[in-house]
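K.L.:
Our numbering puts the first residue of the sequence shown at 447, with every later residue one more than the last.
Idealized CB from N, CA, C, for every residue including glycine.
Quick one: this structure, given as structure tokens, is what I'll be asking you about.
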Amino acid sequence: MQQTIKVALLGLGTVGRGVYRILTGNAVNIAHKVGAPVEISRILVRDLTRDRGILLDPALLTDNYQDILDDPEIDIVVEVMGGIHPALDYVMAALKRGKSVVTANKDMIALHGKELFAAAEASGAGLLFEGSVAGGIPIIRPLKQCLAANRIQEIMGIINGTTNYMLSKMTREGVDFDRALREAQAKGYAEADPTADVEGLDAARKLAILASIAFNSRVTLNDVYVEGISKITARDIAYARELNYVIKLLAIAKETSEGIEVRVHPTMIPQNHPLASVNDVFNAIFVRGDAVGDTMFYGRGAGELPTGSAVAADIMDAARHIIHKVPGFIGCTCYEEKPIKPMALTESKFYIRLMVADRPGVLASIAYAFGDKEVSLASVIQKHTDGDRAEIVMVTHRVREQNLQDALHLVECLSPVDRIANCIRVEGE
447 MQQTIKVALL GLGTVGRGVY RILTGNAVNI AHKVGAPVEI SRILVRDLTR
497 DRGILLDPAL LTDNYQDILD DPEIDIVVEV MGGIHPALDY VMAALKRGKS
547 VVTANKDMIA LHGKELFAAA EASGAGLLFE GSVAGGIPII RPLKQCLAAN
597 RIQEIMGIIN GTTNYMLSKM TREGVDFDRA LREAQAKGYA EADPTADVEG
647 LDAARKLAIL ASIAFNSRVT LNDVYVEGIS KITARDIAYA RELNYVIKLL
697 AIAKETSEGI EVRVHPTMIP QNHPLASVND VFNAIFVRGD AVGDTMFYGR
747 GAGELPTGSA VAADIMDAAR HIIHKVPGFI GCTCYEEKPI KPMALTESKF
797 YIRLMVADRP GVLASIAYAF GDKEVSLASV IQKHTDGDRA EIVMVTHRVR
847 EQNLQDALHL VECLSPVDRI ANCIRVEGE
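Quick look at the structure:
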């Protein structure tokens with residue numbers, strides 16, 4: 447075998463522990479598959495005295511990053527700290543020294559990918575980030591390698607486990623958003639501040655990474671339309687079931703003649719759609735290529751060992767490239783500059799729920815407002831509520847977003863309309 451490949455871990459939290467357990471527990475198999483032993487030689491931590499919950503040699507620990515940066519024997523730096531600072535500075539410094547970097551940091555890749563890839567290219571170092579999207583599900587590598595000969599046409603996925611758990615709970619048990627969130631927090635699936643998850647920001651960061659790779663053009667977080675699940679109610683879940691749909695928070699990316707379409711929002715999909723049966727904290731990503739057709743990747747989207755598995759696989763890839771002296775195994779190839787399609791030009795079917803006065807002519811006036819903006823209605827459900835109020839649920843035919851929003855503005859101004867309770871896009875038909 448070749449000489450030992452030495453690895454430094456930056457961080458020993460949830461993912462860091464997973465990587466440590468995998469690399470040490472499967473060391474013999476990994477060495478045979480790589481062609482050399484892969485050894486963790488340094489671990490950067492903030493507190494040297496803290497109990498880590500795993501057995502390790504205290505001599506591996508350091509609280510000084512310079513110990514790692516200045517060590518010429520360290521081949522690969524694995525960033526599993528999370529956050530932007532100081533992680534970004536540490537990774538940039540490692541790349542400039544020619545050390546390959548493996549990271550699971552979606553925030554850093556989504557926000558600072560351009561400069562990181564430039565630094566990797568300049569030094570010939572590798573930059574790998576499979577663990578940054580969908581945890582243990584292999585998706586970065588398939589897009590870059592297995593599906594490389596395809597022109598990717600569409601990506602549609604469930605890439606946030608917290609919101610998928612909550613929506614699954616609401617669907618199965620009829621609980622409201624607040625209770626589903628409390629239970630997700632109690633199980634450790636949601637943070638004390640759940641904003642990034644429930645408002646779609648976590649999924650948007652991941653989608654920006656996937657779209658950049660799939661369409662060979664830089665997509666930033668600011669390019670992604672984002673809408674979370676905080677407005678989804680038990681009534682919307684019940685109506686979805688009545689209409690033979692399921693509500694999921696979907697990340698959608700498409701390449702169209704008008705540009706790259708990237709959006710994250712609650713979506714109704716048919717109950718027989720492959721993504722409809724993906725429940726709880728599981729993730730799934732549906733990919734359509736011009737040659738391969740439709741494929742789907744499914745598994746656990748987060749956690750110590752699932753994400754650790756993705757990071758360990760990247761470490762093995764980086765190690766092979768070091769052994770065989772293959773320079774510049776760069777993680778992203780955004781060699782084109784494609785426009786981003788404005789959200790106003792996207793098309794969907796829509797579910798719309800209105801609270802209105804229950805009197806003659808109301809439905810006709812609403813239908814006229816929709817027709818005035820060329821929005822065609824596919825189905826209408828009207829149910830009496832308390833007193834003189836009624837609830838109207840409509841599903842449109844496929845229509846441009848701008849037309850729909852213009853129509854909703856007209857409807858909102860009608861005197862019998864109390865409020866637009868919700869508007870949810872419908873996909874997958």
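For His478, count neighbouring Cβ atoms within 10 angstroms of its own Cβ and tell me buried if that reaches 16, exposed if not.
P.N.:
As a first step, residue 478 must be located in the sequence shown, where it is residue number 32. Looking at its Cβ environment, which holds fewer than 16 other Cβ atoms inside 10 Å, His478 is exposed.
K.L.:
Buried or exposed for Ser703, going by 16 or more other Cβ atoms inside 10 Å?
P.N.:
As a working mapping, residue 703 is identified with position 257 in the sequence shown. With fewer than 16 other Cβ atoms within 10 Å, it is exposed.
K.L.:
Leaving out the 5 sequence neighbours to the left and right, which residues in its chain are closer than 6 Å to Tyr744 when beta-carbon positions are compared?
P.N.:
Within the sequence shown, the letter at position 298 stands for residue 744. Around Tyr744: Ala730.
K.L.:
If the criterion is Cβ atoms closer than 8 Å, does the pair Gly528 and Ala756 meet it?
P.N.:
One-based indexing of the sequence shown puts residue 528 at position 82. One-based indexing of the sequence shown puts residue 756 at position 310. Their beta carbons are not under 8 Å apart, which means Gly528 does not touch Ala756 by this criterion.
K.L.:
Determine the direct distance from the alpha carbon of Gly471 to that of Ile693, and round the result to whole angstroms.
P.N.:
One-based indexing of the sequence shown puts residue 693 at position 247. One-based indexing of the sequence shown puts residue 471 at position 25. The alpha-carbon atoms of Ile693 and Gly471 are separated by roughly 40 Å.
K.L.:
From which residue to which residue does the alpha helix (DSSP H) around Tyr635 run?
P.N.:
Position 189 of the sequence shown holds residue 635. Per DSSP, Tyr635 belongs to no alpha helix (DSSP H) and is neither H nor E.
K.L.:
Is DSSP giving Gln848 helix, strand or coil here?
P.N.:
Counting from 1 along the sequence shown, the entry for residue 848 is found at position 402. Three-state DSSP puts Gln848 in a helix.
K.L.:
So what does DSSP say about Gln599, is it helix, strand or coil?
P.N.:
Numbered from 1 along the sequence shown, position 153 holds the residue referred to as residue 599. Of the three classes helix, strand and coil, the one that applies to Gln599 here is strand, per DSSP.
K.L.:
In terms of residues, what are the limits of the alpha helix (DSSP H) holding Ile786?
P.N.:
Indexing the sequence shown from 1 puts residue 786 at position 340. It is not in any alpha helix (DSSP H) - Ile786 carries neither H nor E in the DSSP assignment.
K.L.:
Lys452 to Ile520, Cα distance in whole Å?
P.N.:
For the purposes of this step, residue 452 is taken as the residue at position 6 of the sequence shown. For the purposes of this step, residue 520 is taken as the residue at position 74 of the sequence shown. Taking the straight line from one Cα to the other gives about 5 Å.
K.L.:
If you draw a straight line from the alpha carbon of Tyr635 to that of Ser861, how long is it in whole angstroms?
P.N.:
The residue you call residue 635 lines up with position 189 of the sequence shown. The residue you call residue 861 lines up with position 415 of the sequence shown. Approximately 43 Å between the Cα atoms of the pair.
K.L.:
I need the DSSP call for His711, collapsed to helix, strand or coil.
P.N.:
Looking up residue 711 in the sequence shown gives position 265. Reduced to three states, the DSSP call for His711 is strand.
K.L.:
Based on the DSSP secondary-structure assignment, which residues constitute the bridge partners of Phe743?
P.N.:
In the sequence shown, the residue the question calls residue 743 occupies position 297. Bridge partners of Phe743: Ile731.
K.L.:
How about Ile530 and Asp553: are their beta carbons less than 8 Å apart?
P.N.:
Position 84 of the sequence shown holds residue 530. Position 107 of the sequence shown holds residue 553. Yes, the pair counts as a contact, with Cβ atoms nearer than the cut-off.
K.L.:
Please report how far the alpha carbon of Pro785 lies from the alpha carbon of Arg664, in whole angstroms.
P.N.:
By 1-based counting over the sequence shown, the position of residue 785 is 339. By 1-based counting over the sequence shown, the position of residue 664 is 218. Pro785 and Arg664: Cα-Cα distance of roughly 10 Å.
K.L.:
Quick one: grab the DSSP three-state call for Asn868.
P.N.:
As a first step, residue 868 must be located in the sequence shown, where it is residue number 422. Strand at Asn868.
K.L.:
Counting along the chain, where does the beta strand (DSSP E) carrying Arg492 start and finish?
P.N.:
Within the sequence shown, the letter at position 46 stands for residue 492. Neither: Arg492 is in no beta strand (DSSP E) and is coded neither H nor E.
K.L.:
Checking 8 Å against the spacing of the C-beta atoms, do Arg799 and Asn868 come in under that value?
P.N.:
For the purposes of this step, residue 799 is taken as the residue at position 353 of the sequence shown. For the purposes of this step, residue 868 is taken as the residue at position 422 of the sequence shown. Cβ distance < 8 Å, so Arg799 and Asn868 count as in contact.
K.L.:
Out of Glu847, Ala803, Gly807 and Ile761, which one is the CA nearest neighbour of Leu573?
P.N.:
Counting from one through the sequence shown, the residue named residue 573 turns up at place 127. Of Glu847, Ala803, Gly807 and Ile761, the residue nearest in Cα terms is Ile761.
K.L.:
Starting from His830, follow the beta strand (DSSP E) in both directions and report where the run begins and ends.
P.N.:
One-based indexing of the sequence shown puts residue 830 at position 384. Start and end: Leu823 to His830.
K.L.:
From the DSSP output, in three-state form, read off Phe796 for me.
P.N.:
Taking the sequence shown and counting its residues from 1, one reaches residue 796 at position 350. Phe796: strand per DSSP, three-state reduction.
K.L.:
Return the CA-CA distance between Ser825 and Asn690, expressed in angstroms with no decimal places.
P.N.:
Here residue 825 refers to the residue found at position 379 when the sequence shown is read from its first residue. Here residue 690 refers to the residue found at position 244 when the sequence shown is read from its first residue. C-alpha separation (whole angstroms): 13 Å.
K.L.:
Just curious, the alpha helix (DSSP H) that Glu645 is in, first and last residue?
P.N.:
Counted from its first residue, the sequence shown places residue 645 at position 199. Per DSSP, Glu645 belongs to no alpha helix (DSSP H) and is neither H nor E.
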